[in-house]
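Here the structure is laid out as structure tokens; the discussion comes afterwards.
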Amino acid sequence: MVSLRLVVLSTVCVLGVAACGGGGSGGSDSDNDGIADSADNCPLAPNPEQVDSDGDGIGDDCDGCVADGAPVQFCALCAYVANPGQPDRDGDGIPDACDNCPHISNQDQTDGGNPTNDPTTHCRGCGDACDTDDDDVPEDWEGDSVSNEPCTDAGFTGTLTGAQCDDNCPSVSNPNQFDLDADGLGDDCDPDTDGDGVLNDGDNSGSAGDNPCTAGVTSNCDDNCPVVQNASQADINGNGIGDLCEGAIADTDGD
């Protein structure tokens with residue numbers, strides 16, 4: 174996250190030095206370009222010409238993006254983010270380092286999870302164009318049009334196995350990306366959370382757990398222990414809770 178403080182300039186140079194009344198005397202000149210900070214559209218970057226192609230009040234030499242229509246917050250943010258050469262893979266006028274969808278063109282930078290476009294909560298890969306479920310995990314991080322490197326947090330540690338990975342539940346908001354069986358499908362959208370071959374909602378009623386498997390039956394019923402692999406669905410006391418889920422010492426006879 175980048176903290177950004179936007180300074181409102183009392184005078185903005187757009188067309189050139191002449192528009193600012195000459196050499197900019199009177200007041201400090203941090204970048205020694207002959208333009209006083211109070212009138213310099215790039216007070217920390219020498220730019221005596223004061224060129225501002227998009228007229229947003231931020232000189233091209235420190236403007237992260239010069240595309241018309243791009244939110245000024247993100248243009249300003251780019252000036253404070255290391256982005257050598259200002260690469261822009263999707264060609265939307267917003268450099269990759271501060272583009273919230275660096276692989277998909279989205280000049281408006283719309284982000285339902287950050288509706289005010291607050292640059293201090295900016296998140297790469299979190300714009301609506303690449304994160305439709307607003308969980309701040311992009312559906313396609315690499316921009317190869319294939320969701321083929323799913324995020325995984327099998328240990329529930331809060332740390333993903335891949336720093337740059339694809340949302341493992343692209344249609345369901347699951348920012349934690351938990352994946353118990355590490356099969357590439359997040360728990361929030363995996364029909365078989367523990368990967369034992371018995372579905373969470375095996376009877377397809379729309380409510381997992383309302384018809385637990387028992388008496389040796391393993392099909393057309395719901396996994397009686399959905400967070401522990403128990404393909405046999407053993408439930409010796411027939412209470413609808415698999416033996417492996419009844420505690421460290423199972424009450425298998427129901428007494």
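Okay, so the sequence shown: first residue is 174 according to the working numbering, each after it adds one. Think of the CB as a built atom: it goes at the ideal place given N, C-alpha and C, for glycine as much as any other residue. Just so you know, these numbers come straight off a predicted model, no measurement behind them.
Coil, strand or helix - residue i by DSSP
i, result
"D395", "strand"
"D339", "strand"
"G196", "Residue placement at G196 is poorly supported in this model, since its pLDDT is 44, which falls under 50; the coordinates are not used for a value here."
"V187", "Low confidence applies here, because V187 scores a pLDDT of 38, under 50, leaving its location unreliable; read the following figure in that light. Note: V187 maps to coil in three-state DSSP."
Sub-8 angstroms separation of residue i and residue j beta-carbons
i, j, result
"D308", "P348", "yes"
"G359", "C342", "yes"
"D304", "E312", "yes"
"D395", "G382", "yes"
"D367", "V401", "yes"
"I208", "P221", "yes"
"D263", "I277", "yes"
"C299", "D284", "yes"
"A407", "G415", "yes"
"N373", "P385", "no"
"D204", "L217", "yes"
"N214", "D202", "no"
"Y228", "S211", "Looking at the sequence itself, residue 228 is Gly, so the reference to Tyr does not match. No, they are not a contact pair."
"D265", "N279", "yes"
"A404", "D369", "yes"
"D306", "C324", "no"
Residue i - partner residues in DSSP beta bridges
i, result
"P385", "D395"
"P323", "D339"
Legend entry - the segment 352 to 364 in contact with the segment 390 to 398 per 3-pair CB rule at 8 angstroms: no
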